[in-house]
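Note that the sequence shown covers residues 133 to 444 in the numbering used here.
Heads up: the structure comes next, in structure tokens.
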Amino acid sequence: MTENAFDVVVVGSCMTDLVSQAPRLPKAGETIHGHKFFIGFGGKGANQCIQAAKLGAKTAMVCKVGKDFFGESYIQNFKDNGVHTEFVGQASDAATGAASIIVNDAGENAIVIVAGANMLLGSADLQDALPAVRHAKVLVCQLEISPEASLQALRMARQNNVRTVFNPAPALPDLDQGFYAVSDVFCCNESEAELLTGTQVGAVEDACRAAKEFLRRGCGSVIVTLGALGCVVLQAKDPAWHHVPAPTVKAVDTTGAGDSFIGALTFYMARYPTMPLEEMARRANQVAAASVQAVGTQMSYPVLKDLPAELF
Ligand SMILES: Nc1ncnc2c1ncn2[C@@H]1O[C@H](COP(=O)(O)OP(=O)(O)OP(=O)(O)O)[C@@H](O)[C@H]1O
Ligand SMILES: *[C@@H]1O[C@H](CO)[C@@H](O)[C@H](O)[C@H]1NC(C)=O
């Protein structure tokens, strides 16, 4: 089953989003009535995998869910999107990761995340997935599973000459310095760049300065995403830096835009390995800009046929 090489292998998280909309956020001990409830598929790893799959990449997800209703439905969600699920484990001693989200009428939210089964993805699971990792074109990790597991997965990829993308999200103030040296592409947003460098990142020049610092720490290349401003791209082998603007669009919901960008980036790295990184970033901006024009996270991610032919 795993002999055929995957374009993109994601080692990361799955979360079920339980979203309630209410006039306001409840106080301690209070029960209030909301007006809408929905369940969504989330988790940074899964989001990135789904976006790559929606563009046509052959993908496999390496993750852990619970032996529960949400775990079963997440596996079905992967299958519905064509993601290979042989390496989706089910823990009997932890629940599927969940985010309970309350959104008030002003658009503010209060969120409780329980990582659950995501934290049980460990060394033995990664060893089991080695046949898939070894033949992948690109491997991508984030920080919603244990950092040790992410680092091990990136090292496994490196040992097998698989291109690596690391998204240090959510950012850890004391990130293991070993992550930089194993990242072919280190891709983060402004707040993560700020936390990891300890300097303010508010615009293109700041993002460039942060990116240079990440190159100095050992990454092959760096992309810092800047929301509506697009991103900056720097490479160790190229003294020039590039600001790659995003198209101007009417944003209705930017949730998961960063994951759409990374999913698209991994698709281009796998399918067009010789394309300049700034061109991949230009195209990934267009994919992510399409995602902000629809509501929801994975639901808002564009599929191949929704996008201009020039992107493929
Ligand atoms: N308003 C926007 N207009 C056009 N493109 C956008 C907009 N917001 C985001 N994007 C696209 O999405 C990419 C990622 O956005 P951003 O830098 O906000 O990531 P993020 O903070 O990780 O996202 P989020 O946390 O909302 O998922 C940008 O580089 C850009 O390509
Ligand atoms: C960056 O991503 C994190 C999630 O890792 C998110 O909480 C934060 O709001 C994002 N920052 C910006 C500036 O979009």
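Glycine included, every Cβ here is placed at the ideal spot set by N, Cα and C.
Check: Alpha-carbon to alpha-carbon, I182 and A189; Outcome: 9 Å
Check: Other residues of its chain near P155: CB distance less than 6 Å, five sequence neighbours each side excluded; Outcome: D237
Check: Stretch-stretch touch, CB-based, cutoff 8 Å, three pairs: the region 282-294 with the region 145-162; Outcome: no
Check: Extent of the continuous beta strand (DSSP E) run through K382; Outcome: First-last for K382: undefined, no H or E at that position.
Check: Closest Cα partner of H79 within the set T191, F201, T386; Outcome: Coverage of the chain is limited to positions 133 through 444, which leaves residue 79 absent and any answer about it impossible.
Check: Where A268 falls, given that 16 or more other Cβ within 10 Å makes a residue buried; Outcome: buried
Check: P302: CB within 7 Å of a non-hydrogen atom of ligand 2; Outcome: yes
Check: Residues of its chain near T329, where Cβ-Cβ distance is below 7 Å and the 5 sequence neighbours each way are ignored; Outcome: A342, E345
Check: Cβ-Cβ distance between Q274 and K176 below 8 Å; Outcome: yes
Check: Cβ-Cβ distance between A226 and G198 below 8 Å; Outcome: yes
Check: Heavy atom of ligand 2 within 7 Å of N241 beta-carbon; Outcome: no
Check: Cα-Cα separation between L409 and V365, rounded to whole angstroms; Outcome: 7 Å
Check: Whole-number beta carbon distance between N179 and T429, since they are thought to touch under 8 Å; Outcome: 6 Å
Check: Anticipated Cβ contact below 8 Å, V376 with G362, distance rounded; Outcome: 5 Å
Check: Alpha helix (DSSP H) runs wholly inside the region 228-300, at least 4 long, in chain order; Outcome: 255-260, 262-266, 279-291
Check: Own chain, CB closer than 7 Å to R287, minus 5 neighbours either side, in chain order; Outcome: V314
Check: Other residues of its chain near M133: CB distance less than 7 Å, five sequence neighbours each side excluded; Outcome: For M133, the predicted structure reports a pLDDT of 49, less than 50, and the residue's modelled location is therefore unreliable. A value from the coordinates is still provided. Correct list, in chain order: E218.
Check: Rounded Cβ spacing between V317 and V141 (contact assumed at less than 8 Å); Outcome: Not quite, the Cβ-Cβ distance comes to about 15 Å (not below 8 Å), so this is no contact.
Check: Proximity winner among F399, V356, A368, A372, relative to A378 (alpha-carbon distances); Outcome: V356
Check: Simplified DSSP state of T134, which is helix, strand or coil; Outcome: Note that T134 scores 49 on pLDDT, short of 50, meaning its location in the model is unreliable; the coordinates nonetheless yield the value given after this. Coil at T134, not helix or strand.
Check: Own chain partners of A421 with C-beta closer than 6 Å, once the 5 adjacent residues on each side are dropped; Outcome: A378, P379, V381
Check: Alpha-carbon spacing of E326 relative to G390, whole angstroms; Outcome: 16 Å
Check: Closer than 7 Å: G359 CB and nearest ligand 1 heavy atom; Outcome: yes
Check: In DSSP terms, what D149 is bridged to; Outcome: G172, A231
Check: Same chain, Cβ closer than 7 Å to D308, five either side skipped, listed in chain order; Outcome: P279, L283
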